Amino acid sequence: MSARRRVGLPRGPNVAGALRHTIWRNVFHAVGGYRVRGRAPYEAMVVVANHASHADTPALVAAFPSPYKPVVVAADDYWYSSPVRRRLLELAIGAVPVSRAGGGYEALVEGAQRVLGTGSSLLVFPEGTRSTDGTLGEFRTGAARIAKEFDVPLLPVAVVGTRELLPKGGRLRRGPVEVRLGQVIQPEDLDEDLAAAREQIAALLAEGPPVPSESRTWRVLRHHLDGPVGLTAAAAWGFAEAIVWPVTAELFLVLFASANPRRAVPASAALAAGSAAGLVTTAVLTRRGVVVPAPWVTPSMRATAREHMATGAGGIWRQALNGVPSKLYGAEAGRSGVPLGRFAVAALGARGVRALAVGAAVAVSARRAEPFLKRFYGPYLGLTTLGFGAGLWLVIRRWRTRG
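End of the sequence shown = 403 in the UniProt record's numbering, gap-free, step of one.
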């Protein structure tokens, strides 16, 4: 019996656990949203949850960070009936097989030793089978006996929304899923019938349907764009890009205004005003002999800006689609003595038309993509930044080949 009571310490983050955790969280976000409420202690424990869907186990795997490496026990007569199903289960959730036939508790103990002995947490569905109507069934005693025998705490968890997502005998549908963590019960406080754990889970289930998840990044940006902070940031981005900042001004709208489509046009106006002010500032600095750094520009870019601005203030209009940084036009305006008043008007017009066109496109596309963006704004920012970087590299390469 003493061998069975050996409980290890959590081994910290692991690649397999981290991959399962991340992949399943994103899968649930993609099909309707995912949220975890509550906290769990960082130690080996027995996790008991209601069971209404095959999606319950992935939802629980996604709920715990990789150091926990949560492992579920699975019925060998169903999940391990074929080599293909066995391999898929091992890859997807890292399950441990147990028998549902006679002597089931002994098999559960053997599985528990394999899990708890390595410091991982053991996931158990004490109802034994999936509920067809969502009601909470009677709990079997195995989880309580395991917690007592191994002297580990027991954590009640309610999984909400999985029955609607993937009902027993049904097809996958879209919908949010929420995992609600209860209060840990120490082994000495457990009744064998798991009455206290069942009451916690029933109370958590009774709190209502799952709440659709939202990206914290999306929520924060949306809030700031509603007030002066967002407009000030847009103007500052446009001003900096027109002097030295090597990133195109309109990227601000694509990255940030997408979180609040109805504020994309006002942000575009602020961006254009900041850009025009920056161009005039660059012209003034150049006229006074100040050399402002211009990273990632080529001689051919400078030559094109010089040619266009030789025609006067209206030359700035030719910058909109050619890939030449606007700050070069500001510098050439100062170097060629273009009247600052006329240049300011032309710059505001040219930059305003471009910014408003991009802002309108962002407003329309972001409004349509809002259900996706509100859940995946972090990946959206990352992919957009990578895409911009690749595009910028291609533009610079094209201008370098022009000599």
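Heads up, the beta-carbon is just placed ideally off N, CA and C, and yes, glycines get one too. Please read these numbers as outputs of a predicted model, since none were measured by experiment.
DSSP state of residue i, grouped into three classes?
i           : result
D205        : Correcting the residue identity first, residue 205 is Leu in this sequence and not Asp. Three-state result, L205: helix.
R37         : strand
V220        : helix
V324        : coil
L172        : coil
E332        : helix
residue 431 : Outside the modelled stretch of the chain, which goes from 1 to 403, sits residue 431, for which no answer is possible.
G117        : coil
F139        : coil
E127        : coil
L190        : coil
K148        : helix
L88         : helix
P167        : coil
G111        : helix
Considering just the uninterrupted stretch of the beta strand (DSSP E) at residue i, what are its terminal residues?
i    : result
R180 : 177-181
What are the residues that DSSP puts in a beta bridge with residue i?
i    : result
I185 : L154
L122 : V46, V71
V160 : E178
From residue i to residue j, what distance separates their C-alpha atoms?
i    : j    : result
A3   : G32  : Any reading at A3 must be qualified, since the residue scores a pLDDT of 42, below 50, and its modelled position is unreliable; the value itself is stated next. If I take the Cα positions, the gap works out to 44 Å.
R222 : Y34  : 20 Å
I93  : H54  : 11 Å
G391 : A196 : 59 Å
G182 : M45  : 13 Å
G119 : T22  : 21 Å
R171 : A350 : 53 Å
E370 : E127 : 39 Å
A310 : A366 : 39 Å
R198 : E43  : 22 Å
S326 : S300 : 14 Å
R180 : T385 : 34 Å
V184 : L394 : 56 Å
A18  : P65  : 7 Å
A25  : A59  : The sequence given here places Arg at residue 25; Ala does not occur at that position. The alpha-carbon atoms of R25 and A59 are separated by roughly 8 Å.
F388 : G378 : 16 Å
P176 : W218 : 18 Å
A270 : A357 : 14 Å
L89  : V71  : 11 Å
A236 : A273 : 9 Å
F343 : G314 : 7 Å
G142 : A259 : 48 Å
L383 : V84  : 34 Å
S131 : R86  : 24 Å
A276 : P266 : 16 Å
G359 : P339 : 29 Å
R318 : H308 : 7 Å
L225 : L253 : 11 Å
Y380 : P246 : 21 Å
T298 : V324 : 9 Å
R398 : G312 : 26 Å
R173 : L166 : 6 Å
Just curious, the alpha helix (DSSP H) that residue i is in, first and last residue?
i    : result
F343 : 340-368
F64  : Careful: F64 lies outside any alpha helix (DSSP H) and carries neither H nor E.
A55  : Neither: A55 is in no alpha helix (DSSP H) and is coded neither H nor E.
G382 : 377-401
A16  : 15-31
Quick one: complete alpha helix (DSSP H) runs, 4+ long, within the stretch 284-322?
Taken in chain order, the complete alpha helix (DSSP H) segments of 4 or more residues contained in the stretch 284-322 are 299-309.
In chain order, which continuous runs of the alpha helix (DSSP H) of length 4 or greater are located wholly inside the stretch 209-284?
For the alpha helix (DSSP H) assignment, the uninterrupted runs of no fewer than 4 residues enclosed by the stretch 209-284 are, from N- to C-terminal side, 216-225, 228-241, 251-255.
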